[in-house]
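Note that my numbering gives residue 6 to position 5 of the sequence shown, counting from 1, and the numbers run on in steps of one. Note that CB positions come from ideal geometry on N, CA and C, so glycine has one too.
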Amino acid sequence: MKMLTETIVSICDLAEAEGRLLKHKVVQTISVGLLLLIAAAMLLAALALLITSLYHLLANWMPPSAVFLILSLFSLLLAGGILWTAIRLNRKP
2 MKMLTETIVS ICDLAEAEGR LLKHKVVQTI SVGLLLLIAA AMLLAALALL
52 ITSLYHLLAN WMPPSAVFLI LSLFSLLLAG GILWTAIRLN RKP
């Protein structure tokens, strides 16, 4: 009977330790996810400001249609590069 009691107590201790570890990992994962979300929003704002500044820079020398064409190609290349990086990072070795 003592052995059964010790087994039950050790199983409960193990479950408690696993619960604490799970809680720690969940908090850590959510923290990393929120930081990634903030970083993505800041990157999007920075890219918008970069494209706006390029527009104002190029608008002095070219007609608006050429400026829009150049900036759309630049944005397309930038989006393709980000997509390529995301696919490459997501690929399992």
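About 4 Å separates the beta carbon of Val68 from that of Leu59, a gap short enough to meet the 8 Å contact definition. At the C-beta level, Leu55 and Leu72 come within 9 Å of one another.
Taken atom to atom, the span from the alpha-carbon of His25 to that of Leu74 is near 45 Å. Between Ser32 and Ile52 the beta-carbon gap is near 31 Å, outside 8 Å, which marks them as no contact.
Secondary structure of Arg21 (DSSP, three-state): helix.
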